[in-house]
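What follows is a single structure, written as structure tokens, with notes after it.
There are 2 protein chains.
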Amino acid sequence: MSIGKDLVAASATPLVLSILSEGESYGYAIIKQVEELSEGELKWTDGMLYPVLHRLERAGYVEATWGKSESGRRRKYYHLTKRGKVELADQRRQWEVVTATLRGTPFHRLEAIPQGI
Amino acid sequence: MSIGKDLVAASATPLVLSILSEGESYGYAIIKQVEELSEGELKWTDGMLYPVLHRLERAGYVEATWGKSESGRRRKYYHLTKRGKVELADQRRQWEVVTATLRGTPFHRLEAIPQGI
DNA sequence: TGTGGATACATAGAGCTAATATGTATAATA
DNA sequence: TATTATACATATTAGCTCTATGTATCCACA
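As you go down the protein sequences, you meet chains A and B in turn.
Numbered by our numbering, the letters in the first sequence go through residues 1 to 117 in order.
Numbered by our numbering, the letters in the second sequence go through residues 1001 to 1117 in order.
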């Protein structure tokens, strides 16, 4: 009952950008927040998220600053840039196009999962 | 203003399965239908769709039979199998998980795209 | 009749990329 | 003292996807 890797890949960027639009955060916290928001369905690994964050940084959508937790552990805080906000808006538009297209099919009008297969 | 390739990849399978859940169809018609449903935003190439159909066939989600158009041109008609219906229901569940997660963020509560960047 | 565009399916291979495993380090807890 | 949680990072490989290319027929039109 997990989420397919294509869908995980497609949702990673909008999720990260969207989370950061609420304020700065850092890798480990983002992973925990996604797990919580999805009620345990989306469990990202760190080895998957950090390359995403680096890619977003290279693209100019986020910027990072080193900081510290209360306990003294180092953290890299990411925040959204203006370009990141524009990108987030475009990602949202893209998802609306796709979900609208799926709504044009019986995708969201399905019956329950057939039994006894 | 196009759709990112990750999102295209993630939506291809549910879209095809969902279209076929309305009745049998064939490659070329599916491409046209997706373009129409998306109001021109999703323009699949044949070189992209046929491998997807073959993959779905190998997975047992669809089955194909050769037929002919009224004009006599050969066509390969695909129809959904029982397993395909189950898979479609699961795809739908996955999309609901992800869109619900995105709804938990400001993703769907954004303002208009910032001007003058 | 022949030319171009639409219809219709198919696949090889290059080019990309993402998941896994692995590495480093510190704090908290048992 | 050992283990778990926190926290970041990346190399490599295994996999996949997109592009280009190929085949073939029908129809409209010049």
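Glycine is no exception: its CB is placed at the ideal position from the N, C-alpha and C atoms.
- Membership of TRP95/A in the alpha helix (DSSP H) is indicated by the continuous run 82-103.
- Here the C-alpha atom of LEU80/A lies approximately 16 Å from the C-alpha atom of LEU49/A.
- Against THR1045/B, chain A offers no close residue; the least beta-carbon distance is about 17 Å (beta-carbon pairs closer than 8 Å).
- By the neighbour-count definition (other C-beta atoms within 10 Å, threshold 16), ALA1059/B is an exposed residue.
- Remark: C-beta atoms of GLU36/A and TYR78/A do not approach each other more closely than 9 Å.
- DSSP places ALA1012/B in the uninterrupted alpha helix (DSSP H) bounded by 1005-1020.
- Per DSSP, reduced to three states, the secondary structure at GLU1039/B is coil, with no helix or strand assignment.
- Boundaries cannot be given for GLU1024/B, as no beta strand (DSSP E) includes it and DSSP labels it neither H nor E.
- Fewer than three beta-carbon pairs drawn from the segment 1060-1068 of chain B and the segment 1101-1110 of chain B are found closer than 8 Å, and the two stretches are therefore not classed as touching.
- For GLY1072/B, there is no enclosing alpha helix (DSSP H), as DSSP marks it with neither H nor E.
- Neighbours of GLY1004/B in chain A, taken as residues whose beta carbon is under 7 Å from its own, are GLN94 in chain order.
- The contact set of GLU41/A on chain B, defined by CB atoms closer than 7 Å, consists of VAL1097 in chain order.
- With a beta-carbon spacing of about 6 Å, VAL16/A and ILE30/A fall inside the 8 Å limit used to define contacts.
- Within the DSSP bridge table, the entry for LYS1076/B names TRP1066/B as partners.
- In the structure shown, ALA29/A adopts helical secondary structure according to DSSP, grouped into three states.
- Separation of the CB atoms of PHE107/A and SER1018/B is rounded to 4 Å, and the pair is thereby assigned contact status at 8 Å.
- By the rule that beta-carbons nearer than 9 Å mark a contact, PRO51/A does not touch chain B.
- Within 8 Å of the CB of LEU1080/B, no CB atom of chain A is found; the nearest one sits about 11 Å away.
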